[in-house]
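Numbering-wise, our numbering comes out as the position in the sequence shown, counting from 1, plus 280.
Where a beta carbon is used, it is the ideal one built from N, C-alpha and C, also for glycine.
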Amino acid sequence: MTCGVTDRTEALMARSIPHHREQNYRALALKLFPWVCAHCGRDFDGKKLNQLTVHHKDHNHHNNPPDGSNWELLCLYCHDNEHQRYLVADQLSESARSREPERPSTFTPFARLAELLKRKD
Numbered sequence: 281m282t283c284g285v286t287d288r289t290e291a292l293m294a295r296s297i298p299h300h301r302e303q304n305y306r307a308l309a310l311k312l313f314p315w316v317c318a319h320c321g322r323d324f325d326g327k328k329l330n331q332l333t334v335h336h337k338d339h340n341h342h343n344n345p346p347d348g349s350n351w352e353l354l355c356l357y358c359h360d361n362e363h364q365r366y367l368v369a370d371q372l373s374e375s376a377r378s379r380e381p382e383r384p385s386t387f388t389p390f391a392r393l394a395e396l397l398k399r400k401d
């Protein structure tokens, strides 16, 4: 029975570590940067401060320099929009890589133009 309790405790601790790390860099970002969305410029304070999120510019959540150079504060809407743009760009680049290379055109639209102009004279 103690084994089950230990397993559950370890699972809870494993889940709380990323959340704890996230709270640490969020608190630091809120100290470093003004409480304004970097994209839309909306101001945040008081009760609405929880709507201001930390975005990792390079999309690497493990890259958390203490100077905050990889972070920007974004509102929930701009943060979602940023990640959607990143996903769409990634999907577009994948589809471009999977396409066959285009073959050059062999059609020459003006090939007989000189012949047609000579007939009119």
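Q: Under 8 Å by Cβ, that's how I've got L308 and G348 pegged, so tell me the actual separation to the nearest angstrom.
A: 7 Å
Q: Could you tell me whether the stretch 345–363 touches the stretch 380–390, using the rule of 3 or more Cβ pairs below 8 Å?
A: no
Q) Cα separation between V368 and F313? A) 29 Å
**Q.** Buried versus exposed, by CB contacts within 10 Å (16 or more), L332
**A.** L332 should be labelled buried.
Q: Could you check the C-alpha separation between L356 and E382 for me, to the nearest Å?
A: 41 Å
Q. Between D323 and E380, what straight-line distance do the alpha-carbon atoms span, to the nearest angstrom?
A. 48 Å
Q: Following the continuous beta strand (DSSP E) through W250, name the residue where it begins and the one where it ends.
A: Outside the displayed range of the chain (281 to 401) lies residue 250, so it cannot be described from this structure.
Q | Straight-line Cα distance separating H335 from V316 | A | 13 Å
**Q.** Residue from Q371, D338, L393 and P345 whose Cα sits closest to the Cα of R306
**A.** P345
**Q.** N- and C-terminal bounds of the beta strand (DSSP E) containing L332
**A.** L332 to H336
Q.
Rounded to whole angstroms, what is the Cα-Cα separation between R365 and L393?
A. In this model, R365 and L393 are separated by some 47 Å (Cα to Cα).
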